[in-house]
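These protein sequences, in sequence, are chains L and P. Mapping to numbering that gives the first Met the number 0: the first sequence position 314 is 313, numbers consecutive. Mapping to numbering that gives the first Met the number 0: the second sequence position 303 is 302, numbers consecutive. Working notes for the structure below.
Protein chains: 2
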Amino acid sequence: MQSNSHEEGYDKVTWTTDVETHPPWLRFHLGISRWELYNRKDPNLAQLTHYLATQHILGSVQKKGGTQLKLLISFPNYGQALLKPMKQTRHAETDVNLFYFSDFERHNAEIAAFHLDRLLGFNRIPPVVGRLINVTTEIKEITTDRRLSKTFFTSPAGNVCFYGQCEYYCSVEHPVCGQPHMLEVSLATMLPDLTIAPRRSWRSPWRRSYSRTKLAQWEKDPAYCDTVKQTPPYNQGTRLVDLIDMAVLDFLMSNMDRHHYETFEQFGNNTFLLHLDNGRAFGRHSQDEPSILAPLQQCCRIRRSTFLRLRLLSLPDFRLSDIMRESLTQDPLSRVAPLLSEPHLSALDRRLAKVLQVVQTCQEKHDDVIYNDIEGHDQGPRSAVTA
Amino acid sequence: MQSNSHEEGYDKVTWTTDVETHPPWLRFHLGISRWELYNRKDPNLAQLTHYLATQHILGSVQKKGGTQLKLLISFPNYGQALLKPMKQTRHAETDVNLFYFSDFERHNAEIAAFHLDRLLGFNRIPPVVGRLINVTTEIKEITTDRRLSKTFFTSPAGNVCFYGQCEYYCSVEHPVCGQPHMLEVSLATMLPDLTIAPRRSWRSPWRRSYSRTKLAQWEKDPAYCDTVKQTPPYNQGTRLVDLIDMAVLDFLMSNMDRHHYETFEQFGNNTFLLHLDNGRAFGRHSQDEPSILAPLQQCCRIRRSTFLRLRLLSLPDFRLSDIMRESLTQDPLSRVAPLLSEPHLSALDRRLAKVLQVVQTCQEKHDDVIYNDIEGHDQGPRSAVTA
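Spelled out as structure tokens, the structure:
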């Protein structure tokens with residue numbers, strides 16, 4: 000992790016100087032900068048995902064925190080990953096009567112979110128890769144977690160299943176099952192340990208109510224952004240447009256579950272926002288959720304770099320759905336089945352057009368919609384966007 | 000309820016003498032005999048189901064007992080019915096990794112089980128009818144049940160939903176929802192109150208273990224029936240062949256959840272078995288569950304009347320699937336969608352052939368397979384079977 004402290008502009012790319020003998024997860028940690036988690040040109044990215052996808056699994060225990068089942072996986076050379084299992088068929092749509100806070104987490108959403116965030120030029124999601132694991136030999140037989148191991152069983156169909164212990168969906172009625180042993184999972188690179196790189200958790204100003212009946216303040220007050228704009232840390236620097244970047248990402252993948260975001264403490268307030276925990280994205284392709292765009296719609300502001308990238312991805316030659324489809328084929332699980340079905344890919348294009356429409360509507364009313372974050376940075380890591 | 004006490008033969012049909020001014024539910028109660036719940040020729044049957052399907056609903060409260068949500072519905076003239084709501088799309092198959100004790104209850108299974116039991120000539124399931132009810136005006140707005148009413152909410156899709164309080168699937172993750180108000184339900188006629196007609200509950204000797212790991216004794220011991228045959232009440236009368244009738248019914252509809260059965264106490268041990276609670280039937284059409292037939296397979300005994308009826312229903316002109324399809328069209332909900340999909344109907348024919356195959360295999364090894372229950376009863380209520 001680069002401990003520089005200058006307050007603006009992009010950090011110099013330093014991966015070329017990393018010691019090649021370091022394991023890829025450590026090189027990833029060392030490459031984290033103030034403005035992004037990784038540089039998209041860093042060859043270590045491919046090495047890191049290859050490592051997660053192929054290394055021998057040494058240990059599997061339940062990871063605490065959150066409401067749904069996830070495992071912490073250990074690899075040789077102290078590598079670790081966060082595992083989320085496949086819990087429903089790849090293309091199942093979320094039941095229309097389920098609230099966003101009751102929805103399942105999806106392994107393919109974690110994978111697709113990483114790709115989408117990268118293609119948008121954000122680089123704010125830790126690398127995620129898909130893998131087929133053997134539930135018996137890579138979890139059941141090696142786990143030291145008794146609370147986990149006692150939930151294993153063989154299902155009526157002869158599949159090896161488990162459910163773990165957690166708040167939602169950890170019961171025999173909602174098992175995670177191999178076929179009979181092999182299970183699709185997502186593996187997300189772990190961030191540096193909190194003792195080395197403490198993080199701060201921020202409650203999103205556009206957080207939903209997480210209630211069946213109550214509305215959040217931002218849902219009732221069209222002028223809500225005026226208050227946010229005056230409230231630290233949103234009253235200076237890029238924090239507000241960072242939040243809007245995150246809303247654009249979430250709208251494209253229809254993630255309603257962004258209640259908090261995190262930053263690295265050592266970078267203070269002038270730093271990028273981590274887009275962690277995307278398992279509830281990509282739940283429904285047939286509908287869009289305009290309220291996710293509320294920060295953009297209510298604040299009428301967007302980074303120029305983001306706007307240019309979105310415009311580029313709406314052109315026929317660079318269509319977001321095509322670029323996502325292509326990008327996802329690099330994931331090992333794409334050999335099992337496409338990680339996003341065609342209706343989900345089409346939804347991305349449809350939603351992208353809606354984002355651009357909101358920006359245009361803003362521009363018709365306001366002069367200060369485009370926040371120019373790229374003046375003087377045309378050689379920076381996101382320069383390709385502006386070419 | 001006919002309080003006769005002779006120990007064999009069919010009771011004389013008495014419905015013609017029932018007072019026509021009695022409400023249909025009361026006439027149903029009065030028509031219950033030692034050997035069957037109703038006479039299939041009784042015109043009151045159609046009046047009873049019409050009553051349940053059309054009468055104004057006066058009250059709706061949760062019904063205690065069991066593990067899943069069900070409601071007790073009140074009608075004018077003191078009629079009552081047990082309501083089970085539609086909880087999954089009509090044709091969804093049970094997940095292969097779910098145990099029989101974790102499966103949802105299905106409203107259409109309750110309806111189809113009543114028809115199947117009647118077509119088999121058993122008449123041991125209280126009449127069940129389907130109905131489209133208005134969740135808002137017929138439950139939410141009239142219930143006096145606070146535990147129920149506080150679980151109502153409007154879903155993200157704008158549907159009126161509730162989940163009640165029970166052991167399984169009573170949570171916001173498993174809502175019962177109208178579209179936006181109308182919900183398919185099954186309504187089963189209530190039996191006479193337990194204070195008037197007390198019932199005895201018997202644990203089935205072929206009860207499953209209700210465990211993820213343990214096997215029941217009958218699953219381990221092929222000679223299990225030898226013990227049962229010597230154990231009262233199975234050592235005399237028709238109790239053993241009654242149990243085998245029930246196994247045939249359950250195998251045909253793939254109901255693995257028959258842990259208990261009931262009888263009316265006043266009829267002692269020489270009486271029919273009530274086939275209550277069939278909501279977990281018809282969960283899977285693509286597979287059969289041979290273990291449900293264990294009582295037949297292990298005891299190698301079957302009523303002659305049942306055997307003849309099964310043989311009749313395997314003939315092209317009387318094919319079970321055709322007769323069930325025809326019978327189910329009489330239910331009001333068949334106007335919404337067929338109550339059993341074609342794969343479920345075909346499964347009935349396939350399973351019927353398997354039952355007859357098991358009988359034949361028995362007959363190749365034993366002489367006493369057919370239990371002659373119809374000698375001298377050719378004019379009785381089930382005479383059509385033997386014609």
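Quick reminder that beta carbons are idealized off the backbone N, C-alpha and C, glycines included. Please read all numbers here as calculations on a predicted model, not as lab measurements.
C-alpha distance - residue i paired with residue j, whole-angstrom precision
{"i": "serine 333 of chain L", "j": "valine 127 of chain L", "result": "13 Å"}
{"i": "isoleucine 124 of chain P", "j": "glutamine 359 of chain P", "result": "28 Å"}
{"i": "phenylalanine 27 of chain P", "j": "leucine 119 of chain P", "result": "20 Å"}
{"i": "valine 159 of chain L", "j": "threonine 135 of chain L", "result": "7 Å"}
{"i": "serine 203 of chain P", "j": "glutamine 235 of chain P", "result": "16 Å"}
{"i": "serine 210 of chain P", "j": "valine 171 of chain L", "result": "11 Å"}
{"i": "lysine 69 of chain P", "j": "tyrosine 223 of chain P", "result": "35 Å"}
{"i": "histidine 284 of chain P", "j": "histidine 343 of chain P", "result": "5 Å"}
{"i": "glutamine 216 of chain L", "j": "lysine 228 of chain L", "result": "15 Å"}
{"i": "threonine 20 of chain L", "j": "aspartate 330 of chain L", "result": "25 Å"}
{"i": "glutamate 374 of chain L", "j": "proline 174 of chain P", "result": "52 Å"}
{"i": "asparagine 321 of chain L", "j": "proline 155 of chain P", "result": "Looking at the sequence itself, residue 321 of chain L is aspartate, so the reference to asparagine does not match. In a straight line, the C-alpha of aspartate 321 of chain L is about 31 Å away from that of proline 155 of chain P."}
{"i": "glycine 282 of chain P", "j": "serine 290 of chain P", "result": "16 Å"}
{"i": "leucine 388 of chain P", "j": "cysteine 176 of chain P", "result": "Summary: the structure shown does not reach residue 388 of chain P, with chain P confined to residues 0 through 386, and so no result is reported for it."}
{"i": "aspartate 241 of chain P", "j": "threonine 270 of chain P", "result": "9 Å"}
{"i": "lysine 272 of chain L", "j": "glutamine 61 of chain P", "result": "Note that residue 272 of chain L is leucine in the sequence shown, not lysine. Taking the straight line joining both Cα atoms gives about 48 Å."}
{"i": "tryptophan 201 of chain L", "j": "tyrosine 167 of chain P", "result": "36 Å"}
{"i": "isoleucine 141 of chain P", "j": "methionine 181 of chain P", "result": "15 Å"}
{"i": "glutamate 104 of chain P", "j": "phenylalanine 250 of chain P", "result": "17 Å"}
Min CB distance residue i to chain B below 9 Å
{"i": "glutamate 172 of chain L", "result": "Looking at the structure shown, chain B is missing, and the protein chains on hand are L and P."}
Cβ neighbours of residue i in the same chain (closer than 7 Å, five flanking residues each side left out)
{"i": "valine 357 of chain L", "result": "Leu292, Leu295 and Gln296"}
{"i": "valine 368 of chain P", "result": "Cys299, Arg300, Ile301, Val358, Cys361 and Gln362"}
{"i": "isoleucine 195 of chain P", "result": "none"}
{"i": "asparagine 371 of chain L", "result": "Arg303"}
{"i": "serine 73 of chain L", "result": "Leu57, Gly58 and Gln79"}
{"i": "arginine 199 of chain L", "result": "Glu261, Thr262 and Glu264"}
{"i": "aspartate 366 of chain L", "result": "none"}
Neighbourhood of residue i by C-beta distance below 8 Å, restricted to the same chain and skipping five residues each side
{"i": "leucine 214 of chain P", "result": "Ser208"}
{"i": "arginine 310 of chain P", "result": "Leu355"}
{"i": "glutamate 92 of chain P", "result": "Gly282, Arg283, His284 and Ser285"}
{"i": "arginine 318 of chain P", "result": "Leu312 and Asp348"}
{"i": "isoleucine 110 of chain P", "result": "Val127, Val128, Gly129, Ser185, Leu327, Asp330, Leu332 and Leu338"}
Where the beta strand (DSSP E) through residue i begins and ends
{"i": "serine 73 of chain L", "result": "70-73"}
{"i": "tyrosine 260 of chain L", "result": "259-263"}
{"i": "tryptophan 388 of chain L", "result": "Nothing about residue 388 of chain L can be reported from this structure: the residues present for chain L run from 0 to 386 only."}
{"i": "leucine 119 of chain L", "result": "No beta strand (DSSP E) holds leucine 119 of chain L; DSSP gives it neither H nor E."}
Segment limits, alpha helix (DSSP H) that includes residue i
{"i": "isoleucine 322 of chain L", "result": "319-327"}
{"i": "histidine 343 of chain P", "result": "341-364"}
{"i": "glutamate 137 of chain L", "result": "Here glutamate 137 of chain L belongs to no alpha helix (DSSP H), and DSSP marks it neither H nor E."}
{"i": "glycine 58 of chain P", "result": "Note, glycine 58 of chain P: premise wrong, no alpha helix (DSSP H); beta strand (DSSP E) at 58-61."}
{"i": "lysine 86 of chain P", "result": "No alpha helix (DSSP H) holds lysine 86 of chain P; DSSP gives it neither H nor E."}
{"i": "valine 247 of chain L", "result": "238-252"}
{"i": "cysteine 165 of chain L", "result": "Counting along the chain, cysteine 165 of chain L falls outside any alpha helix (DSSP H), and DSSP gives it neither H nor E."}
{"i": "valine 227 of chain P", "result": "223-228"}
{"i": "alanine 280 of chain P", "result": "That residue, alanine 280 of chain P, is in no alpha helix (DSSP H); it is neither H nor E in DSSP."}
Check: residue i C-beta below 8 Å from any heavy atom of the ligand GDP
{"i": "isoleucine 291 of chain L", "result": "The model on display carries no ligand, and the ligand GDP is accordingly not part of it."}
Under 9 Å by beta carbon: chain L residues contacting residue i
{"i": "proline 289 of chain P", "result": "The contacting residues do not exist; proline 289 of chain P stays about 13 Å from chain L at best."}
{"i": "alanine 346 of chain P", "result": "By Cβ distance, chain L contributes nothing, its closest Cβ being about 17 Å from alanine 346 of chain P, past 9 Å."}
Chain-ordered neighbours of residue i on chain P, where CB pairs are closer than 9 Å
{"i": "tyrosine 162 of chain L", "result": "In chain order: nothing, as chain P lies at least about 10 Å away."}
Under 8 Å by beta carbon: chain P residues contacting residue i
{"i": "asparagine 96 of chain L", "result": "Ser154, Pro155, Ala156, Asn158, Cys160, Pro174 and Cys176"}
Beta-carbon neighbours of residue i, restricted to chain P and to distances below 7 Å
{"i": "serine 101 of chain L", "result": "Val171 and Glu172"}
Within chain L, partners of residue i - CB distance below 8 Å
{"i": "tyrosine 167 of chain P", "result": "Glu172"}
Beta-carbon contacts of residue i that lie in its chain and below 6 Å, excluding the five residues immediately before and after
{"i": "isoleucine 392 of chain P", "result": "The question about residue 392 of chain P has no answer, for chain P in this structure spans 0 to 386."}
{"i": "leucine 186 of chain L", "result": "Leu51, Ala80, Leu82, Val128 and Arg130"}
{"i": "arginine 324 of chain P", "result": "Leu344"}
{"i": "threonine 150 of chain P", "result": "Phe161, Tyr162 and Gly163"}
{"i": "leucine 239 of chain P", "result": "Tyr233"}
Residues in the segment 255-267 of chain P with C-beta within 8 Å of chain L's C-beta atoms, listed in sequence order? Listed in sequence order: no entries.
Can you give me, in chain order, the residues of the segment 209-239 of chain P that have a beta carbon less than 9 Å from any beta carbon in chain L? From the segment 209-239 of chain P, only Arg211 and Thr212 have a Cβ closer than 9 Å to chain L.
Can you pull out the residues from the segment 109-143 of chain P whose beta carbon lies closer than 9 Å to at least one beta carbon of chain L? Listed by position along the chain: nothing, the set is empty.
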